[in-house]
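Since the structure comes first, as structure tokens, the remarks are kept for the end.
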Amino acid sequence: TTEIVPASALMTPGTTSGCTGAGAPESTWSLTVDKVIAATGRASPDDQFTVSIHSGSTLLAAATTGGSGSGSQASTGATFLSLNSLYRITDNMAAGSHYTLQAYTSSISCTMDGQPFTPTYVSPGVWHIATPLITLTDQIYLCAITNTRASRQLQLRKTWVEAVPGHAVTIPPTSGFSTNTSAFASV
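Residue numbers (the working numbering): 35 to 221.
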């Protein structure tokens, strides 16, 4: 037989409830983004970070670190999501920071109901999460963005004026080199 389903039992795309109608549970789809500073610490004690969740151009939640510690430093808290929607997670330097985000390597790790997944990478400090059109169960997304102070490579170049072939630079062991190298020989 054919059954007529009243409009009140149908889900409206973009609403925060997963479905409506008799016996349908209220949706608790949510996303929490935590900010973690690696044990190596910050490049400058003035560096602070802001993580945020956006839907289109709308800011849904944001959290900014404070202080100079490491470990978990800020959290957006649970932000409720709509089905069939795209969300943007961002990681930015807060106002007053000494360095830019380029002084750090950023990584994101996420779970959906305890199962690891990888959000879509968009650009440095930006990721997307898309919620499905239809689902029978609620989902809890948890993401942690970790910033690690970037290591830098130092390259030194020595110009030897009036070098005499066969002469070499002597580097004492206290300078960090265990032995002299032929790279320090004159031409």
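We treat Cβ as the ideally placed atom computed from N, Cα and C, and that holds for glycine.
Asked: Trp63 bridges to which residues according to DSSP?; Found: Beta-bridge pairing links Trp63 to no other residue.
Asked: When you compare the CB positions of Ala97 and Thr113, do they come within less than 7 Å of one another, or not?; Found: no
Asked: Can the beta-carbon of Ser78 be found less than 7 Å from the beta-carbon of Tyr133?; Found: yes
Asked: Could you tell me the distance, in whole angstroms, from the CA atom of Leu115 to the CA atom of Tyr175?; Found: 10 Å
Asked: Please list the terminal residues of the continuous beta strand (DSSP E) segment that includes Gly105.; Found: 105-109
Asked: Rounded to a whole number of angstroms, what is the C-alpha to C-alpha distance between Gly57 and Lys69?; Found: Confidence at Gly57 is low in this model, with a pLDDT of 38, below 50, so its placement is unreliable and no value can be given for it.
Asked: Quick one: is Gln82 buried, meaning 16 or more other Cβ sit within 10 Å of its Cβ, or exposed?; Found: buried
Asked: Along the beta strand (DSSP E) that carries Ala96, what are the first and last residues, could you check?; Found: 92-98
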